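To start, the structure itself, in structure tokens.
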Amino acid sequence: MTVPIIIGSLSNWLLPLMLVSSDLIFPRLNNFSFWLLMPSVMLGLMNMLLNNSINTGWTLYPPLINQDFITLNLIIFSLHLNGISSIVSSINFISSVFIIINNNFFMNNLTLYIGSIIITTILLIFSIPILSSAITMIILDNNLKMDCFNPMGSGNPILYQHLFWFFGQPGSLSWSPARRRHWIPSQLQKWEIFWSAWER
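Be aware that the sequence shown starts at 52, since it is given in our numbering, and climbs by one per residue.
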């Protein structure tokens, strides 16, 4: 939930200003990604207010036999809505940056913040569907008894760990450009445009 709130709230306001544009290319995608956060937050709050709240941590590692099905389904649906919101806003950011760049800018005129947003959103588009497939398998396993992770039912107990690892690698890298956008010029003592090194 942190990713769509931070990237969506700050970049929806700051990115068009830095690109000298009135708005992003697809404003309705902004509305769609924003309003998806509301039911996601409500599902998370419902999970917290129930007596048998889920207590697996943010990794949701199976087996989840001791967890309540209702709270588990609520938190997984909340994660799905968050993922859809992040993917929609990422598509909007990427398309907005490249369409506005082709019309008004050259790559060597872009700031480091815009470059970090591009890298972060590309990594999000690759990593979030992997997490959604993993938690979808948890729903199927718990509600429909599909035995996705049970070796007795021809399932693979290590599969979820692999899927979560593939999600976690791009997910952890996605924050690196945004965190380091001010660190690079201050440490190198070079106030150089981020993309200008790529143009050489």
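Built from N, CA and C at the ideal position, the CB exists for glycine as well. Quick caveat, the model's predicted, so the values are computed rather than measured.
According to the DSSP assignment, Ile173 belongs to the alpha helix (DSSP H) that extends over 163-194. Sixteen is the threshold: since fewer than 16 other Cβ atoms of the shown chains lie within 10 Å of the Cβ of Met89, the residue is exposed. Burial of Thr171 is indicated by the presence of at least 16 other C-beta atoms within 10 angstroms of its C-beta. In the three-state reduction of the DSSP assignment, Asn207 falls in the coil class.
Three or more Cβ pairs drawn from the stretch 127-136 and the stretch 84-99 lie within less than 8 Å of each other, which places the two stretches in contact. Per DSSP, reduced to three states, the secondary structure at Phe144 is helical. DSSP places Leu88 in the helix class (H, G or I) of the three-state scheme.
Sequence-distant Cβ neighbours of Leu70 in its own chain, meaning closer than 6 Å and more than five residues away, are Ile151. Counting C-beta pairs with one atom in each stretch, the stretch 133-148 and the stretch 76-88 have three or more that are closer than 8 Å, which means they touch. Here Phe128 carries a helix assignment [DSSP, helix/strand/coil].
Rounded to whole angstroms, the separation of the alpha carbons of Ile138 and Ile127 is 17 Å.
When only Cα atoms are considered, Ile189 and Asn153 end up about 43 Å apart. If you check the CB distance, Phe200 and Leu210 come in under 8 Å.
With contacts defined by Cβ atoms closer than 8 Å, Phe120 and Asn63 do not form a contacting pair.
Residue environment analysis places Leu65 among the exposed positions, since fewer than 16 neighbouring C-beta atoms fall within 10 angstroms of its C-beta.
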